[in-house]
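Residue numbers (UniProt numbering), protein chains in the order written: chain A, 1 to 168; chain B, 1 to 168.
Just so it is clear, CB atoms sit at the ideal spot from N, CA and C, and this is done for glycine as well.
Model, not experiment: these values are computed from the prediction.
Working notes for the structure below.
Protein chains: 2
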Amino acid sequence: MKNELDDPRITAIGLFYEVHAGLTARFAAQFEEHGLSAVEFEVLTRLARSPNNQLRMTDLAAQTSLSTSGVTRVVDRMERDGLLARRACATDRRSSFAVVTAAGMQRLKEVLPGHLRIIEEWFTGQLDPESLATLLDALRRIRDAVHPCATAGSSTATPTDDEVSTSA
Amino acid sequence: MKNELDDPRITAIGLFYEVHAGLTARFAAQFEEHGLSAVEFEVLTRLARSPNNQLRMTDLAAQTSLSTSGVTRVVDRMERDGLLARRACATDRRSSFAVVTAAGMQRLKEVLPGHLRIIEEWFTGQLDPESLATLLDALRRIRDAVHPCATAGSSTATPTDDEVSTSA
DNA sequence: GCCCAACGGCTGCCTCAGCAACTATAGCGA
DNA sequence: TCGCTATAGTTGCTGAGGCAGCCGTTGGGC
């Protein structure tokens with residue numbers, strides 16, 4: 001038993017998960033300084049990189065780790081806080097869009113530089129460019145295998161395979 | 001703004017987080033087949049690799065992603081399910097140990113091989129040995145930097161730096 | 001044009017986990 | 001020895017998020 005628990009494979013994902021936990025904690029601390037949670041940051045980011053800074057609720061759900069009901073509630077909170085607004089869809093009265101407000105864009109603009117700095121400081125900057133490239137290549141290969149159907153939603157947009165974004 | 005969101009650093013952690021999400025989903029699916037959650041598997045694993053298959057509640061909390069109250073409740077559930085038992089500490093009447101029961105060890109023995117297989121299939125096996133070594137080296141370097149004080153608790157045990165384990 | 005299955009979003013209910021408050025014990029200093 | 005502070009664990013309360021069920025809308029088949 002003990003032997004099985006010392007398996008190098010266990011060690012490997014253990015390491016991977018430790019890195020994840022470490023990064024997540026750093027990110028969360030900075031998000032909190034700006035009154036955001038990781039989920040809220042992700043929502044803001046995904047909307048901001050979509051055409052017109054908006055996405056249908058369902059598409060937003062598909063692009064995040066949330067269910068549609070989860071999205072309903074995050075958007076509720078962020079709408080209450082003035083970061084987002086709901087907008088009716090002209091062509092389908094069942095649908096509604098979540099749109100980033102001016103305040104939301106402003107908030108994002110405040111958070112992003114710090115976020116990038118943290119990524120640089122604790123992730124990309126820890127490796128020389130060559131190692132980083134190798135790491136990303138390995139990750140890409142694993143991602144392509146495990147593919148949780150990345151790049152969902154966004155309907156008409158991003159026809160490419162792009163890596164998608166954000167954290168948590 | 002759009003330009004900032006296409007920063008290669010964003011792409012890099014995005015990729016990292018996608019891999020994490022993908023692996024986590026695969027693991028969760030297999031855990032569920034055996035009636036476990038990711039957290040429960042982690043608890044089981046951490047106890048099983050500790051001396052006497054036990055750990056004080058506080059040390060268990062330190063080794064997992066949970067707060068002490070979180071540990072109280074997971075242990076409650078797992079005790080109810082017969083996987084763990086609480087045992088009083090002889091030298092400190094405030095403390096109690098969580099111990100893996102025979103049923104708990106049995107369950108772990110049922111889950112582990114599949115878990116290792118999944119790691120192999122979707123993570124380590126996706127890369128040739130050399131790439132894997134490089135990846136692990138890179139992760140180790142990042143981990144050492146971001147270090148969420150790995151390897152906590154376990155008091156007298158594991159004086160080494162070991163990578164620690166498990167998932168979730 | 002009508003009907004019905006599928007879809008988009010929201011709400012009720014549940015579980016999980018954290019924080020803060022509380023109790024009991026330990027251990028130290030005077 | 002007495003007391004005071006720190007520590008171990010538990011519990012009440014809260015917020016987050018998932019699932020299932022609901023309502024309104026849509027669009028295809030006839």
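Item	Value
Mapping the DSSP letters down to three states, classify residue 138 of chain A as helix, strand or coil.	helix
Hey, is residue 146 of chain B's beta-carbon within less than 7 Å of any beta-carbon in chain A?	yes
On the criterion of 16 or more Cβ atoms from any shown chain inside 10 Å, does residue 3 of chain B qualify as buried, or is it exposed?	exposed
In angstroms, rounded to a whole number, what distance separates the CA positions of residue 23 of chain B and residue 65 of chain B?	17 Å
On the three-state DSSP scale, how would you describe residue 56 of chain B?	strand
Given a cut-off of 7 Å on the beta-carbon distance, is the pair residue 135 of chain B and residue 21 of chain A in contact?	no
Where residue 55 of chain A and residue 120 of chain A are concerned, what is the direct C-alpha to C-alpha distance, given to the nearest angstrom?	29 Å
So which residues of chain B does residue 19 of chain A contact, with C-beta pairs closer than 7 Å?	139, 142, 143, 146
Measuring CB atoms only, is the stretch 25-43 of chain B touching the stretch 117-132 of chain B, in the sense that at least three cross pairs come out at less than 8 Å?	yes
Against chain B, does residue 117 of chain A count as a neighbour if the rule is that its beta carbon must be under 7 Å from one of theirs?	no
Since residue 41 of chain A is in the alpha helix (DSSP H), which residue starts that stretch and which ends it?	38-48
Taking its Cβ as the centre, do 16 or more other Cβ atoms sit within 10 Å of residue 76 of chain A, making it buried, or is it exposed?	exposed
If you measure from the beta carbon of residue 15 of chain A to each beta carbon in chain B, is any gap under 7 Å?	yes
Could you tell me the distance, in whole angstroms, from the CA atom of residue 14 of chain A to the CA atom of residue 93 of chain A?	47 Å
Check whether the stretch 70-87 of chain A touches the stretch 95-106 of chain A, taking contact to mean three or more Cβ pairs, one atom from each stretch, closer than 8 Å.	yes
Check whether the Cβ of residue 22 of chain A lies closer than 7 Å to any Cβ atom in chain B.	yes
Residue 98 of chain B touches chain A at which residues, Cβ-Cβ below 8 Å?	Going along chain A, no residue has its Cβ under 8 Å from residue 98 of chain B, so there is no contact; the nearest lies around 17 Å.
Quick one: does residue 49 of chain A have its CB under 7 Å from some CB of chain B?	yes
Could you please give me the residues that DSSP links to residue 169 of chain A through a beta bridge?	Outside the shown range of chain A, which is 1 to 168, sits residue 169 of chain A, and nothing can be said about it.
Does any CB atom of chain A fall closer than 7 Å to the CB of residue 7 of chain B?	yes
Any beta carbon of chain B sitting closer than 7 Å to that of residue 12 of chain A?	yes
Mind checking residue 52 of chain A: buried by the 16 CB within 10 Å criterion, or exposed?	exposed
How would you label residue 49 of chain A, buried or exposed, when you count the other beta carbons within 10 angstroms and need 16 or more for buried?	buried
In chain A, what lies closer than 9 Å to residue 110 of chain B by C-beta?	Within chain A, no residue comes near residue 110 of chain B; the closest Cβ sits about 12 Å away, beyond 9 Å.
Taking C-beta to C-beta, are residue 78 of chain B and residue 32 of chain B nearer than 7 Å?	no
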